[in-house]
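Heads up: the sequence shown runs through residues 29 to 250, numbered per my numbering.
Every residue, glycine too, gets a C-beta built ideally from N, C-alpha and C.
A short write-up of the structure that comes next.
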Amino acid sequence: MRSPIFDQANLEVPATERFTLQNPKMLKVTLGEPVLAAKGAMVAYQGAVQFHHKGSDSITQFMKRAISSDDQSLMTVSGQGDVFFARFAEDVFVIQLEGDAISVGGQSLLAFDANLQWDLHRTRGAGMMTGGMFNTLIQGHGNVALTSDGKPVILDCSQQPTFVDPNAAVCWSANLVPDVVSSMNMSSLLRGGSGEAFQYKFHGPGFVVVQPSEGFPTPVQG
29 MRSPIFDQAN LEVPATERFT LQNPKMLKVT LGEPVLAAKG AMVAYQGAVQ FHHKGSDSIT
89 QFMKRAISSD DQSLMTVSGQ GDVFFARFAE DVFVIQLEGD AISVGGQSLL AFDANLQWDL
149 HRTRGAGMMT GGMFNTLIQG HGNVALTSDG KPVILDCSQQ PTFVDPNAAV CWSANLVPDV
209 VSSMNMSSLL RGGSGEAFQY KFHGPGFVVV QPSEGFPTPV QG
């Protein structure tokens with residue numbers, strides 16, 4: 029039997045770390061300690077693995093999730109074995125937190141160590157007209173896997189105000205608190221606008237990672 033699909037480059041990559049990239053678009057996580065992952069992101073697993081819906085850890089967190097149109101539906105993945113995660117063939121990046129923090133936008137969050145602390149934060153200025161905009165703040169010691177729809181660009185926000193489409197913002201420095209601003213007048217908004225009605229405004233020492241795509245405007249459940 030012959031086919032390019034059986035090329036050596038497509039063989040499973042042995043785990044060298046807990047989070048091991050199999051290729052630019054697929055992540056393997058070796059269990060022992062549980063991980064939290066976006067619901068629907070599992071594409072394969074080996075071993076004795078259990079999946080459970082992740083509820084809110086507090087009443088405050090529950091209320092934030094209940095009113096967020098950008099809700100990050102999570103599942104707890106536990107057991108013994110290897111779990112493979114991917115989403116829409118997007119590029120996967122692993123960030124190792126070393127007691128610091130990262131803010132993750134929209135549907136960019138793929139998986140992270142369950143021992144990390146996380147919470148939803150509402151973006152300043154995100155009122156009824158925007159449908160509410162939330163990001164996930166993750167901090168502590170551990171791994172965070174993110175996806176980008178294409179090769180991202182890192183923008184420096186310290187020199188001048190930086191404006192980013194909310195659906196294109198992958199992640200940003202935790203010390204940056206974006207504002208939601210509009211570049212359109214009220215009459216244009218009421219007519220439906222152009223699709224670029226609202227942006228995140230970043231300004232201060234730090235960075236924002238921007239993907240070359242506006243992604244999916246609404247969460248996709250799997």
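Shortest alpha-carbon distance to residue 241 belongs to which of 201, 49 and 175?
-> Taking only the C-alpha atoms, the option nearest residue 241 is 175.
Verify whether the separation of the beta carbon atoms of residue 129 and residue 166 is less than 8 Å.
-> Taking the C-beta atoms as reference points, residue 166 is found nearer than 8 Å to residue 129.
Can we count residue 131 as close to the ligand ADP, meaning its CB is less than 7 Å from some heavy atom?
-> Looking for the ligand ADP in the displayed structure turns up nothing, as the structure carries no ligands at all.
Would you tell me roughly how many angstroms separate the C-alpha atoms of residue 70 and residue 115, rounded to the nearest one?
-> Answer to the nearest angstrom: the Cα atoms are 8 Å apart.
Spatial distance of residue 237 from residue 105 (CA atoms) | A direct Cα-to-Cα measurement between residue 237 and residue 105 gives close to 27 Å.
Proximity to residue 67 [Cα-Cα], best of 133, 235 and 138 | Of the candidates 133, 235 and 138, the one whose C-alpha sits nearest the C-alpha of residue 67 is 138.
Which of the three DSSP states, helix, strand or coil, is assigned to residue 135?
-> Under the three-state reduction of DSSP, residue 135 is assigned to helix.
Quick one: residues in its chain with C-beta nearer than 8 Å to the C-beta of residue 125, no 5 flanking neighbours on either side, listed in chain order?
-> Cβ neighbours of residue 125 beyond the five flanking positions: 144, 166, 167, 168, 169, 170, 171 and 172.
If you draw a straight line from the C-alpha of residue 150 to the C-alpha of residue 32, how long is it?
-> Near 47 Å, if we compare the C-alpha coordinates of residue 32 and residue 150.
Helix, strand or coil: how does DSSP classify residue 66 here?
-> DSSP places residue 66 within a strand segment (E or B) once states are collapsed to three.
Closest by C-alpha distance to residue 59, when choosing among 112, 40 and 234 | The alpha carbon of residue 59 has as its nearest neighbour, out of 112, 40 and 234, the alpha carbon of 112.
State the DSSP-derived secondary structure class of residue 143, mapped to helix, strand or coil.
-> Residue 143 falls in the coil class under three-state DSSP.
Per DSSP, cross-strand counterpart(s) of residue 104 = Residue 104 pairs with 64 and 80.
Could you please give the first and the last residue of the uninterrupted beta strand (DSSP E) stretch that includes residue 29?
-> It is not in any beta strand (DSSP E) - residue 29 carries neither H nor E in the DSSP assignment.
Below 8 Å CB to CB, which residues in the same chain sit around residue 53 once its five sequence neighbours on both sides are set aside?
-> Answer for residue 53: 114, 117, 118, 119 and 120, listed in chain order.
Taking just the CA atoms, how far does residue 29 sit from residue 136?
-> So the two alpha carbons sit approximately 38 Å from each other.
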